[in-house]
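Structure first, commentary second.
Residue numbers (the UniProt record's numbering): 1 to 200.
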């Protein structure tokens, strides 16, 4: 706030750092100048406002474990906030960096994995002037379940075929659904059907 009396000018500094609006910022020196011009005086006031620093933290939590099928794909999203902002990059096992830490994106980094063939650990690292933070997740490749057993034809009509199979029992991994893929004789494309009654 600026005020003047004749040829004198006073500058009052307001401590914004104590207000809740600035509670998420870091302590840096913010300098700005305010000028007034009237018929009495030209004034220039330089004020320094302390701004609070906030260490980086992850605002988007990675799951401990992600499951994909062989050859599957997945996106891993890592978001770090704070002030000053962090560079965010990924590495996998054996400290193999997947991004250049010097040029990595600021604040958010999405790691796209395609054709995943083996289980692997991935670590997101956020680096700022206040230090580093890390979060690790595992992408686990789960083998496809075995094919249904005892597949057999129950009924054939002019426009349909009914097939049946024995239910699969897999410990700790219950089967949620089946997909029947079929094609007409001599056809080049196939079709899929999801049975509603489980095994028929």
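Where a beta carbon is used, it is the ideal one built from N, C-alpha and C, also for glycine.
CB of residue i within 8 Å of CB of residue j, strictly
i	j	result
residue 60	residue 79	yes
residue 161	residue 153	yes
residue 75	residue 112	yes
residue 114	residue 147	no
residue 117	residue 71	yes
Whole-number beta carbon distance between residue j and residue i, since they are thought to touch under 8 Å
i	j	result
residue 65	residue 140	6 Å
residue 136	residue 123	5 Å
residue 67	residue 164	Contact doesn't hold; Cβ gap of about 29 Å is too wide.
Reduced DSSP category for residue i - H, G, I as helix; E, B as strand; rest coil
i	result
residue 27	Note that residue 27 scores a pLDDT of 36, beneath 50, so its modelled location is shaky and nothing firm can be said.
residue 94	helix
residue 66	strand
residue 142	coil
residue 169	coil
residue 127	strand
residue 179	coil
residue 186	coil
residue 114	strand
residue 158	coil
residue 174	coil
residue 72	strand
residue 132	strand
residue 103	coil
residue 55	strand
residue 119	coil
residue 80	strand
residue 61	coil
Close-in-space but distant-in-sequence residues of the same chain around residue i (CB under 7 Å, 5 per side omitted)
i	result
residue 187	none
residue 174	none
Neighbourhood of residue i by C-beta, 6 Å cutoff - its chain only, sequence neighbours within 5 removed
i	result
residue 129	84
residue 86	56, 80, 126, 127 and 128
residue 185	none
residue 62	135 and 137
residue 92	120 and 122
residue 97	91
residue 155	162
residue 166	149 and 150
Buried or exposed (CB count within 10 angstroms, at least 16 for buried), residue i
i	result
residue 182	exposed
residue 56	buried
residue 132	exposed
residue 144	exposed
residue 14	Residue placement at residue 14 cannot be trusted, given a pLDDT of 46 that sits under 50; the coordinates are not used to answer.
residue 109	buried
residue 32	Interpretation of residue 32 is limited by its pLDDT of 39, a score under 50 that renders its predicted location unreliable; no figure is taken from the coordinates.
Residue-chain proximity (residue i, chain D), Cβ-Cβ < 8 Å
i	result
residue 177	The structure shown contains no chain D; it holds only a single protein chain.
Contact set for residue i: own chain, Cβ-Cβ below 8 Å, skip 5 residues either direction
i	result
residue 224	Since the first and last residues shown for the chain are 1 and 200, residue 224 lies out of range.
residue 100	89
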